[in-house]
Amino acid sequence: MTYCTKCGKKNDDDAEFCDKCGISLDTTDKEDSIKKHTKKTENKIEKKAEEFGRSIEKAGKRFESKIDNSIKDFQKWYDNKFKLFGPLIWSFLGLIILRLIIIVMGRSGDDIIVFGDIGDLLYSYLLIFFGLMLLNFYNSYLNRIYKKQYRFIYPAISTISCIVTLWIISKILIKLDTHLEVPFLASIANFIDENIFVLFIVILVLSYCIELFIKPLAKEMSHK
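Using numbering that gives the first Met the number 0, the final residue of the sequence shown is 223, and nothing's skipped along the way.
Encoded structure:
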């Protein structure tokens, strides 16, 4: 028996039309109708998903923009409030945090010897770290205040800071290799020490390329 899809009446299997309402009982039309309905539903779901994805993307961009604006507003307020003393304050805060980390590592050295040795190493470089923080904070401050005039100096100072940081990292890696006996760490440290001048040139060139070409290009494209 075949049931009519419109009125539900039973019909013979070989019937082409419903005895009650006269609608065609052709299963091909029914299947086509189901396929069209399924396709239409899928398109609606896909469209809703795309709209939801776009709304999430827009919300994420708005949130990111608000965070960026909040940071910029805070930086502007901080720079106007403390002026040249601002970077000095941040440097002392960074020094205090680093000193606390060294104290914790020193106390952990009783259980994990490598922590104690790295803590001692960091303590021996404490003045270098403080100078590095002063260099970075003042470099960023001057770059914010005197953007156009300072743009040719900023990459050079950033490169010096990066090279000093890499040099300190190499010393930490050597200390780790002494305790953990991982040749890979020593290889990295030796590579940094042996190619420090080459690294300086490469990072310096990249820094100037980013500052003088890539950043202006990205800014120009964002305004279009």
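For glycine and all other residues, C-beta sits at the position ideal for the given N, C-alpha and C.
Put simply, the stretch 76 to 94 touches the stretch 123 to 140. At least three CB pairs are less than 8 Å apart. Beta-carbon to beta-carbon, Gly115 and Gly105 are separated by about 6 Å, close enough to satisfy the 8 Å threshold. Fewer than three Cβ pairs drawn from the stretch 144 to 152 and the stretch 120 to 127 lie within less than 8 Å of each other, which leaves the two stretches out of contact.
Less than 7 Å separates the beta-carbon of Ser169 from that of Ala188. In this structure, Val103 is the residue among Val103, Ile173, Gly130, Ala48 with its C-alpha nearest to the C-alpha of Gly118. Collapsing the DSSP output to three states places Lys82 in coil.
The beta carbon of Arg143 sits closer than 7 Å to those of Gln74, Asp78, all from its chain and outside the five residues before and after it, given in chain order. The C-beta of Asn135 has 16 or more other C-beta atoms within 10 Å across all chains shown, which makes the residue buried. Counting along the chain, Asp119 sits inside the alpha helix (DSSP H) bounded by residues 112 to 123. DSSP places Ile162 inside the alpha helix (DSSP H), whose first and last residues are 153 to 179. In this structure, Val163 sits near Leu131, with a CB-CB distance shorter than 7 Å. Cβ-Cβ separation between Ile191 and Leu175: approximately 14 Å, too far for a contact (criterion under 8 Å). Assignment of Cys208 by DSSP, reduced to helix, strand and coil, places it in the helix class. A check of alpha carbon separations from Ile96 across Leu121, Phe81, Asp110 identifies Leu121 as the nearest. Per the coordinates, the alpha-carbon of Phe51 lies some 14 Å from the alpha-carbon of Lys60. Put simply, the backbone Cα of Glu210 is about 7 Å away from that of Pro154. Annotated three-state conformation of Asn194 is coil, per DSSP. Inclusion of Ser90 and Leu133 in the CB contact set at 7 Å is warranted, their separation being smaller than that value.
Per DSSP, reduced to three states, the secondary structure at Arg61 is helical. The residue from Leu216, Ser157, Lys214, Lys218 with its alpha-carbon nearest to that of Val201 is Ser157. Taking all protein chains shown into account, Cys17 has 16 or more neighbouring C-beta atoms within 10 Å of its C-beta and is therefore buried. When secondary structure is reduced to three states using DSSP, Tyr145 falls in the coil class, being assigned neither helix nor strand.
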